[in-house]
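Asker: If you're matching positions, the sequence shown starts at 0 in numbering that gives the first Met the number 0 and goes up one per residue.
Each residue gets a CB set at the ideal place from its N, CA and C atoms; glycine is no exception.
Handing you this structure, nothing more for now.
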Amino acid sequence: MTRRTPSGSKLGAFLAKLPKGTVAVGAGLGVMGLTSYGFLLIAARALHPVGYAEITVVWTVLFTIGPGLFLPLEQECARRISSAHDGSIARPALRRIITLGGLLLAAVVVLSAAAWPLIGTRIFNGDLPLFITTLAATACLWPVHTSRGMLAGSGHFGRYGVGLCVDGVLRVVGAAALALGGSSTAWHYAAVFVVSQLVATGVSVIGAHFRYVDGASNGRAHEDSWASIRKVIGWMLVAVLMSQLLANGGTFAAKAIASPTDPTAGVFLSALVIARIPLFLFAALQASLLPNIAALIARRELIAVRSLVRRVCVALTALGALATVLLIAFGPELLVFVFGPRFDISRWTLGLLSLGCLVFMVASALAQVLIAAQRAKDAGIIWVISVVLFLAFLALPIELTTRVSLCLLLSSFGGLLLFAYRWTQLERLLASAPATQTTAVPATEPEA
């Protein structure tokens, strides 16, 4: 008689196939997501609509500047530590990565200050304390992402998840304390982000064990040089910014093409919020995928690399396919229920949008694999090509929301094909490299 497998065992088996740390980071992101909505809900009730609008500006800055500018610091720290055989990072390389983060932050501050005459009134309503607090909260992203990279590379995913939880909980607690105290000043609520990020970073790293070497890591002096680090992080920056532009470009395109009184952009953004729910879950996998792949490549466990990449792609495809089916079946009704009767969109368009998000997730996973294999330049170039494809497909003569959804699907699919082709090439190079090769690919192999 065949014994039936409990559903819990099936879930455990599925989770065991994911990269190490996915569950811990996912739990942290789940808490962060719930508490983020809690913060916004409290702020919305405590502030005047104008003040709440100012808080949403701070929110947007933190969730675009962070991934756009400082995520490469996290990725490079994680890649370097996880690919080192002893799990160490060279102090000179770490200092240079941190310095580059400081230079990026300085550029943001200088450009923002120079733009104050333009953005001060239009965006911040002349509220200088709010502007300064926003810059302070942005500055916190520098140590936040650097420390997360150190934690992920060292395998401290539990601490990574705890940091996310602490950050989220402190946001809600801080907002609730301000509301109970009768505060109706926007910059007070913005200051909560400063405190929550700094405290969460401290909690996550205090007591964590990191390994450092004083010279070049594992004899890789060239990789630790200023020129090499600038190049790698520069291409990571291109890759992150272009992928973010592709993921969010549909809303901007709809707004630019539609007439000023056309609500299409708002309807599309609402549909995108629903369709991108799987992308939130993918963020947990993304944080753990790069260091796991980098470690396997460094140990030359190529069969394990192929297996992990295949499992990740299958899991993302299953997740995206399920989301697509559910959106086609219930999406229009869900959209109207959440956002109101004016937010009506066809099942066909929702299905296209969900498929686009599915393909984008798989392409993003393969991009992480290339970065782990020290091919950030390839990832950056492919994302640039994908954005160009998106702009080209905007010329299609079809209804606007369908057109923009189809643009995301087709351009992401084009990027996916290029990522898959490049990864296939690198697989062959990895297999043929000498057994003593310490880098991910032969040094003589040119980048695309």
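By Cβ distance, which residues of its chain are closer than 6 angstroms to GLY173, with the 5 residues on each side in sequence left out?
Answerer: Working through the sequence shown from its first residue, we reach residue 173 at position 174. So the list reads VAL191, once near-sequence residues are dropped.
Asker: With 16 other CB atoms within 10 Å as the buried threshold, where does ILE397 fall?
Answerer: Residue numbering aside, residue 397 sits at position 398 when the sequence shown is read from its first letter. Classification of ILE397: exposed, given that the 10 Å Cβ count is below 16.
Asker: Looking at SER404 and THR323, is the spacing between their C-beta atoms short of 8 angstroms?
Answerer: Taking the first residue of the sequence shown as 1, we reach residue 323 at position 324. Taking the first residue of the sequence shown as 1, we reach residue 404 at position 405. Their beta carbons are not under 8 angstroms apart, which means THR323 does not touch SER404 by this criterion.
Asker: Do you know offhand how far PHE392's Cα is from VAL22's?
Answerer: Your numbering for residue 392 matches position 393 in the sequence shown. Your numbering for residue 22 matches position 23 in the sequence shown. C-alpha separation (whole angstroms): 37 angstroms.
Asker: Distance check for LEU127 and ALA282, CA to CA, integer angstroms please.
Answerer: Here residue 282 refers to the residue found at position 283 of the sequence shown. Here residue 127 refers to the residue found at position 128 of the sequence shown. Approximately 34 angstroms, taken between the alpha carbons.
Asker: Whether or not the region 368 to 376 and the region 417 to 428 are in contact is what I'm after, with contact meaning three or more pairs of Cβ atoms, one per stretch, closer than 8 angstroms; do they touch?
Answerer: With the cut-off at 8 angstroms, the region 417 to 428 and the region 368 to 376 touch.
Asker: Flag this pair as yes or no: are the beta carbons of HIS187 and LEU197 separated by less than 8 angstroms?
Answerer: As a working mapping, residue 187 is identified with position 188 in the sequence shown. As a working mapping, residue 197 is identified with position 198 in the sequence shown. Result no, Cβ atoms of HIS187 and LEU197 do not sit closer than 8 angstroms.
Asker: Helix, strand or coil: how does DSSP classify ILE88 here?
Answerer: Residue numbering aside, residue 88 sits at position 89 when the sequence shown is read from its first letter. Three-state DSSP puts ILE88 in a strand.
Asker: Just the Cα atoms here: how many angstroms apart are GLY379 and MET235?
Answerer: Locating residue 379 in the sequence shown gives position 380, where the first residue counts as 1. Locating residue 235 in the sequence shown gives position 236, where the first residue counts as 1. Using only the alpha carbons, I get a separation of about 7 angstroms.
Asker: Would you identify the three-state DSSP class for ARG299, choosing helix, strand or coil?
Answerer: As a working mapping, residue 299 is identified with position 300 in the sequence shown. Three-state DSSP puts ARG299 in coil, outside helix and strand.
Asker: Using only CA atoms, which one of SER111, CYS164, HIS155, LEU70 lies nearest to PRO142?
Answerer: In the sequence shown, counting from the first residue as 1, residue 142 sits at position 143. Selected option, being the one with the closest Cα: LEU70.
Asker: With LEU333 and ILE273 assumed to form a contact (beta carbons below 8 angstroms), what rounded beta-carbon distance in angstroms separates them?
Answerer: Locating residue 333 in the sequence shown gives position 334, where the first residue counts as 1. Locating residue 273 in the sequence shown gives position 274, where the first residue counts as 1. Yes, LEU333 and ILE273 are in contact; Cβ-Cβ is about 6 angstroms, under 8 angstroms.
Asker: By how many angstroms is the C-alpha of SER431 removed from the C-alpha of GLU444?
Answerer: The residue labelled residue 444 in the question sits at position 445 within the sequence shown. The residue labelled residue 431 in the question sits at position 432 within the sequence shown. Because GLU444 carries a pLDDT of 41, less than 50, the predicted location of this residue cannot be relied on, and the following value inherits that uncertainty. The alpha-carbon atoms of GLU444 and SER431 are separated by roughly 12 angstroms.
Asker: I need the boundaries of the beta strand (DSSP E) containing ARG210, first residue and last residue.
Answerer: Residue mapping note: residue 210 aligns to position 211 of the sequence shown, counting from 1. Element bounds for ARG210: 210 to 212.
Asker: From GLU446 to ILE344, what distance separates their C-alpha atoms?
Answerer: Within the sequence shown, residue 446 is the residue found at index 447, counting from 1. Within the sequence shown, residue 344 is the residue found at index 345, counting from 1. Here the model assigns GLU446 a pLDDT of 40, short of 50, so the residue's position is not dependable and the matter cannot be decided.
Asker: THR184 to VAL308, Cα distance in whole Å?
Answerer: By one-based count along the sequence shown, residue 184 stands at place 185. By one-based count along the sequence shown, residue 308 stands at place 309. Between THR184 and VAL308, the C-alpha separation is close to 48 angstroms.
Asker: With DSSP as the reference, label SER182 as helix, strand or coil.
Answerer: In the sequence shown, the residue the question calls residue 182 occupies position 183. Three-state result, SER182: coil.
Asker: Apart from the five residues just before and just after LYS19, which ones in its own chain have a Cβ nearer than 8 angstroms to its Cβ?
Answerer: What you label residue 19 is simply residue 20 of the sequence shown in a count that begins at 1. Cβ within range, chain order: GLY154, PHE156, SER287, ASN291.
Asker: Among THR120, ARG94, MET149, which one has its Cα closest to the Cα of ILE80?
Answerer: Your numbering for residue 80 matches position 81 in the sequence shown. The candidate whose alpha carbon is nearest that of ILE80 is MET149.
Asker: With DSSP run on the structure shown, which of helix, strand or coil describes GLU398?
Answerer: Numbered from 1 along the sequence shown, position 399 holds the residue referred to as residue 398. Coil, per DSSP.
Asker: So, is GLY125 buried or exposed, given that buried needs 16 or more other C-beta atoms within 10 angstroms?
Answerer: The count along the sequence shown starts at 1 and reaches residue 125 at position 126. Classification for GLY125: exposed.
Asker: Count the other CB atoms within 10 Å of the CB of GLY339; is the residue buried (16 or more) or exposed (fewer)?
Answerer: Position 340 of the sequence shown, counted from the start, is the residue given in the question as residue 339. Per the 10 Å Cβ criterion, exposed.
Asker: Return the CA-CA distance between LEU169 and ALA175, expressed in angstroms with no decimal places.
Answerer: Counting from 1 along the sequence shown, the entry for residue 169 is found at position 170. Counting from 1 along the sequence shown, the entry for residue 175 is found at position 176. Looking at the two C-alpha atoms, the distance is approximately 10 angstroms.
Asker: CB-CB under 6 angstroms to VAL237, same chain, minus the five flanking residues each way: which ones, in chain order?
Answerer: Locating residue 237 in the sequence shown gives position 238, counting from the first residue. Here the set comprises GLY379.
Asker: Within the continuous alpha helix (DSSP H) that includes ASP377, where are the two ends?
Answerer: As a first step, residue 377 must be located in the sequence shown, where it is residue number 378. From DSSP, the alpha helix (DSSP H) with ASP377 extends over 375 to 392.
Asker: Quick one: Cα of VAL165 to Cα of THR401, how far?
Answerer: Working through the sequence shown from its first residue, we reach residue 165 at position 166. Working through the sequence shown from its first residue, we reach residue 401 at position 402. If I take the Cα positions, the gap works out to 40 angstroms.
Asker: As an exercise, report each continuous alpha helix (DSSP H) stretch of at least 4 residues that is fully enclosed by the region 220 to 298, in chain order.
Answerer: Those alpha helix (DSSP H) runs which fall completely within the region 220 to 298 and span 4+ residues are 225 to 256, 263 to 274, 276 to 297.
Asker: Leaving out five residues on either side along the sequence, give the residues of the same chain with a beta carbon under 8 angstroms from the beta carbon of PRO331.
Answerer: Here the question's residue 331 lines up with position 332 in the sequence shown. Cβ neighbours of PRO331 beyond the five flanking positions: ASP343, ILE344, SER345, ARG346, LEU349.
Asker: Under DSSP, the alpha helix (DSSP H) around LEU365 begins and ends at which residues?
Answerer: Position 366 of the sequence shown, counted from the start, is the residue given in the question as residue 365. Element bounds for LEU365: 346 to 371.
Asker: Determine the closest residue to GLU53 out of ALA89, GLY119, VAL109, with distance taken between C-alpha atoms.
Answerer: Against the sequence shown, residue 53 aligns to sequence position 54. That would be GLY119, whose Cα lies nearest to the Cα of GLU53.
Asker: Would DSSP call THR1 helix, strand or coil?
Answerer: The sequence position of residue 1 within the sequence shown is 2, counting from 1. Reliability of the predicted coordinates at THR1 is poor, the pLDDT of 44 falling under 50, and the value obtained from them is presented with this limitation in mind. Residue state, collapsed to three classes: coil.
Asker: Helix, strand or coil: which one does DSSP assign to GLN436?
Answerer: Numbered from 1 along the sequence shown, position 437 holds the residue referred to as residue 436. Legend: pLDDT at GLN436 = 44, less than 50; position of this residue unreliable, no value from coordinates given.
Asker: Just the C-alpha distance for TRP225 and ILE88, rounded to the nearest angstrom, thanks.
Answerer: The count along the sequence shown starts at 1 and reaches residue 225 at position 226. The count along the sequence shown starts at 1 and reaches residue 88 at position 89. Their Cα atoms are separated by approximately 15 angstroms.
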